[in-house]
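Peer 1:
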Amino acid sequence: MPAVTLIEAVTMALAYELEHDSNVVLLGEDIGVNGGVFRATAGLQQRFGKDRVIDTPLAESMIAGLSVGMSTQGMKPVAEIQFLGFIFSALDQLFTQAARMRNRTRGRLSCPMVVRAPYGGGIHAPEHHSESTEALYAHIPGLKVVIPSNPSRAYGLLLAAIRDPDPVIFLEPKRVYRLVKHEVEDNGEAYPLETCFVDREGTDITLISWGAMMHETLQAADELAKEGISAEVIDVATVAPLDVQTLVESVAKTGRALIVQEAPKSGAIGSEIAAELSEKAIMHLLAPIGRVSGYDTVMPYYKLEKKYMPSVQRIVSKAKELMEYV
Amino acid sequence: MTQPITEDTVLKTVAKFEVKYLQYLDEDGKPLGKKLPSFAKDTELLRKLYTDMARVRAFDAKAYALQRTGKLGTYPASLGQEAIGVGYGSVMRKEDVLVPYYRSTAGLMQHGVTMAEILTYWGGDERGSDFKYAREDLPIAVPIATQCLNAAGVATAFKLRGQARVAVTEIGEGGTSKGDFYEAINVAGVWRLPVLFVVNNNQWAISVPSEIQTAAETYAQKAIAAGIHCLQVDGNDILAVREAAEQALERARRGEGATLLECISYRLCDHTTADDASRYRTEEEVKQGWRREPMRRLRKYLESLNAWSDADEETMNKTIAEEVEAAVQEYLSMPAPKATDMLDYLYAELPEKLREQRDELARGE
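These protein sequence lines are chains A and B, in that order.
Residue numbers for the first sequence follow our numbering, beginning at 149 and rising by one.
Residue numbers for the second sequence follow our numbering, beginning at 3 and rising by one.
Right, here's the structure in full:
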């Protein structure tokens with residue numbers, strides 16, 4: 149089994165599906181010869197040809213709208229939006245067409261399409277390159293929103309996203325693209341969507357996160373362990389629709405919940421998780437549900453981005469605060 | 003003081019363009035030139051085209067009446083523009099795909115969508131978009147211009163699969179101001195996609211007239227920037243619309259790419275049942291519009307061929323009235339949709355998270 153980075157795992161999954169399903173096509177800007185600005189599609193056009201890995205004109209709404217039309221014909225377009233901050237001109241197509249096609253036609257047509265985009269901060273990128281806007285897409289019924297946190301999950305979840313019969317927004321934490329390596333077997337095995345992964349078992353507090361923040365969260369769990377606090381760590385992975393049951397079961401066991409997210413605090417996935425837990429697990433709670441989050445502001449340029457993003461220290465300190473409730 | 007940059011200094015012409023206009027019949031149904039399209043002698047076909055326009059007109063009138071009596075939601079009629087949808091729709095093949103917008107009633111009916119389905123849709127019931135015959139046609143697009151990109155996507159699938167099929171889409175002239183329209187014609191040009199864009203230029207985008215919409219002399223010329231074929235036609239002359247659309251479809255099937263057809267017409271009705279066009283345009287203008295409407299024109303031409311009579315008109319009207327009435331009865335007698343449908347068709351499989359909400363709906367709370 150090769151040890152691969154998250155971006156290499158993405159390439160592996162794309163290649164696997166291109167190889168095994170002739171309906172799959174990739175489209176986007178710079179994805180051909182250039183292999184994508186982060187090289188997610190490196191070598192794929194050479195291997196599968198220009199009709200399978202398609203360089204498009206520079207127009208995000210077009211990339212989404214074309215994918216809608218193609219997918220109603222039973223093709224499975226996997227579109228790349230170069231950076232999530234450029235997706236806004238494509239939202240019309242994603243929200244008004246892709247998300248609703250199955251419902252509007254009572255199942256006659258659907259949009260089995262995937263939109264991939266690198267997201268999140270921490271790589272010193274220019275404006276509009278660092279936001280975590282996952283809650284926007286999660287709010288739209290009919291879409292699924294999937295965020296892998298590590299290489300093996302990127303491989304398994306991307307395969308699942310491409311095979312899913314409904315439109316999936318697949319957000320890749322670009323800070324993690326080359327951060328870690330995992331051994332990933334290229335066996336075409338998909339991971340389930342709508343399933344949270346329990347990455348570490350614990351008994352005192354449940355730490356809940358997804359995407360790049362899983363790395364700080366796992367480190368925080370290590371720190372807490374040193375102080376005798378046993379943290380269970382959950383990777384939400386599919387932020388919409390949520391696997392509420394796994395979260396509730398964990399909190400029922402630990403009695404405490406701390407949500408860690410890079411996105412702004414208000415109206416976010418963390419808010420939704422907190423609301424679900426307060427509806428379904430409040431009788432198990434020994435402390436208020438905590439959130440360590442980005443701030444409700446514009447994602448700052450890189451001189452301040454470290455101040456904005458949740459740090460291991462912030463997570464540890466909030467967890468300890470929650471432990472003080474008896 | 004600046005001096006104008008002129009030909010005799012540094013300028014040379016690198017490209018020149020022109021936009022052609024097609025019209026066969028004048029406003030009184032008299033042929034303008036010697037050459038008419040070959041089908042202009044096929045009186046059976048012409049009678050069918052006339053009847054199909056009459057079907058749309060009668061259907062629209064009924065839909066209006068249903069809306070006024072609270073039996074239908076907001077409805078956009080096609081009064082005066084029937085030649086456009088009947089024209090392009092009559093040359094589409096079954097395997098072609100229509101990507102309609104809200105005023106594509108005529109095109110939808112031509113391509114096999116039933117009157118009852120159209121009423122069901124505008125009656126606020128999603129089952130209206132589950133077309134029984136036109137299984138691959140996209141549902142009606144209400145957002146502006148999004149359908150152009152969806153049509154380009156359908157055409158991309160045809161092209162990648164090597165199928166001799168065409169995607170046809172329709173848009174109002176106001177919609178051509180949107181980015182999605184430009185993005186669609188641009189990619190259709192770059193990839194030589196088998197797609198026909200029909201611009202229904204009915205002069206008004208709700209209350210906004212053409213001169214506020216564009217500074218271009220024609221809407222057709224927008225295709226020139228995209229490198230696709232274009233033609234402006236008299237959209238009230240069904241011979242012109244049908245012939246131009248047929249040639250565009252043949253060109254697309256031969257792999258020669260996309261066409262933008264600007265059909266100049268006039269909206270004789272309000273934008274929708276929720277609009278009052280008397281707020282923004284004069285009676286005189288509408289009266290002029292009636293002079294150019296498509297049905298009168300084709301009827302006069304048919305009469306000149308001795309192919310239509312008052313008796314034909316009477317028989318036709320009776321048949322159509324029965325057909326419309328049957329559709330209305332089918333629509334009105336449909337059982338209400340199940341409340342749980344709103345969740346059951348959202349995803350292929352109901353997500354666990356939505357199960358509770360579905361149960362709540364099932365209990366009728």
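No residue lacks a Cβ here, since even glycine has one placed at the ideal position from N, Cα and C.
Predicted, not measured: the structure shown is a model, and the values here were computed from it.
#1: Please confirm whether A/ILE179 and A/GLU228 have their CB atoms less than 8 Å apart.
#2: Using a Cβ-Cβ cutoff of less than 6 Å, which residues in the same chain neighbour B/GLU97 once the five nearest sequence positions on both sides are dropped?
#3: Against chain B, does A/ASP240 count as a neighbour if the rule is that its beta carbon must be under 8 Å from one of theirs?
#4: Alpha carbon to alpha carbon, how far is B/ILE322 from A/GLU165?
#5: If contacts are defined as beta-carbon pairs under 8 Å, then B/LEU263 and B/LEU198 qualify, I think. What distance do you get, rounded to the angstrom?
#6: Using CA atoms only, rank isn't needed, just tell me which of B/THR71, B/MET3 and B/ARG57 is closest to B/THR275.
#7: Suppose only complete runs of 3+ residues qualify. What are the beta strand (DSSP E) ranges in the region 230 to 265 of chain B, listed by chain order?
#8: When the Cα of B/ARG269 is compared with those of B/ASN238, B/GLU252, B/GLU258 and B/ALA254, which residue comes out closest?
#9: Counting only runs of 4+ residues fully inside the region 306 to 338 of chain A, write out the alpha helix (DSSP H) ranges in chain order.
#10: Name the one or two DSSP bridge partners that A/THR266 has.
#11: Go through its chain and collect everything with a Cβ distance to A/PRO260's Cβ below 6 Å, but skip five positions before and after it.
#12: Could you round the C-beta distance between A/ALA467 and A/ALA360 to whole angstroms and report it? I think they count as a contact, below 8 Å.
#13: Thinking C-alpha only, which one of B/ASP236, B/PRO141 and B/VAL99 is nearest B/GLN205?
#14: Against chain B, with Cβ distances strictly below 8 Å, would A/PRO313 count as a contact?
#15: Determine, using beta carbons only, whether B/VAL156 comes closer than 8 Å to chain A.
#16: From what residue to what residue does the beta strand (DSSP E) around B/PHE199 run?
#17: Could you tell me which of B/TYR184, B/SER179, B/VAL201 and B/LEU241 sits nearest to B/LEU304, measuring between CA atoms?
#18: Measure how close the beta-carbons of B/LYS22 and B/LEU233 come, nearest whole angstrom, since I'm counting them as under 8 Å.
#19: What does A/GLU342 reach in chain B if we use C-beta pairs closer than 7 Å?
#20: Helix, strand or coil for A/SER441? Go by DSSP, reduced to three states.
#21: Using 8 Å as the limit for Cβ to Cβ distance, is B/GLU185 near chain A?
#22: Taking A/SER215 as the query, report the chain B residues whose CB atoms sit under 7 Å from its CB, ordered along the chain.
#23: Short of 8 Å Cβ to Cβ, which residues in the region 180 to 204 of chain B face chain A?
#24: Let me know if A/TRP358 comes out buried or exposed under the rule of 16 or more other beta-carbons within 10 Å of its beta-carbon.
#25: In terms of residue numbering, what span does the beta strand (DSSP E) encompassing B/THR148 cover?
#26: Measuring alpha carbon to alpha carbon, tell me which of A/VAL226, A/GLY222 and A/ALA188 ends up nearest A/ARG200.
#27: Determine whether the Cβ of A/VAL173 lies closer than 8 Å to any Cβ atom of chain B.
#28: CB-CB under 6 Å to B/GLY91, same chain, minus the five flanking residues each way: which ones, in chain order?
#29: For B/THR148, go through chain A and note every residue whose CB falls closer than 9 Å to its CB, in chain order.
#30: List the whole-angstrom C-beta distance separating B/ASN202 from B/ILE120, where the pair is believed to meet the contact cut-off of C-beta under 8 Å.
#31: Taking only beta carbons into account, state which residues of the region 239 to 261 of chain B come closer than 7 Å to chain A, listed in chain order.
#32: Give every residue of the same chain whose Cβ lies closer than 8 Å to the Cβ of A/ASN171, excluding the five residues on either side of it in the sequence, and list them in chain order.
Peer 2: A quick look at the data gives this:
#1: yes
#2: ARG167
#3: Yes, A/ASP240 counts as interfacial toward chain B.
#4: 52 Å
#5: 7 Å
#6: B/THR71
#7: 231 to 236
#8: B/ASN238
#9: none
#10: One detail in the question is off: residue 266 of chain A reads as Pro in this sequence, not Thr. BP columns for A/PRO266 point to A/GLU320.
#11: SER219, LYS224 and PRO313
#12: About 19 Å; that fails the 8 Å criterion.
#13: B/ASP236
#14: yes
#15: yes
#16: 197 to 203
#17: B/LEU241
#18: 6 Å
#19: PRO353 and GLU354
#20: strand
#21: yes
#22: GLY155
#23: GLY181, ASP182, GLU185, ALA186, ASN188, VAL189 and VAL192
#24: buried
#25: That residue, B/THR148, is in no beta strand (DSSP E); its alpha helix (DSSP H) goes 148 to 162.
#26: Nearest to A/ARG200 by alpha-carbon distance, out of A/VAL226, A/GLY222 and A/ALA188, is A/VAL226.
#27: A/VAL173 counts as touching chain B.
#28: GLY109, GLN112 and HIS113
#29: Result: SER209, GLY213, VAL216, ASP240, GLN241, THR244 and GLN245.
#30: Actually they do not touch by this definition, with Cβ atoms about 17 Å apart.
#31: none
#32: Contacts found: GLY222, MET223 and LYS224.
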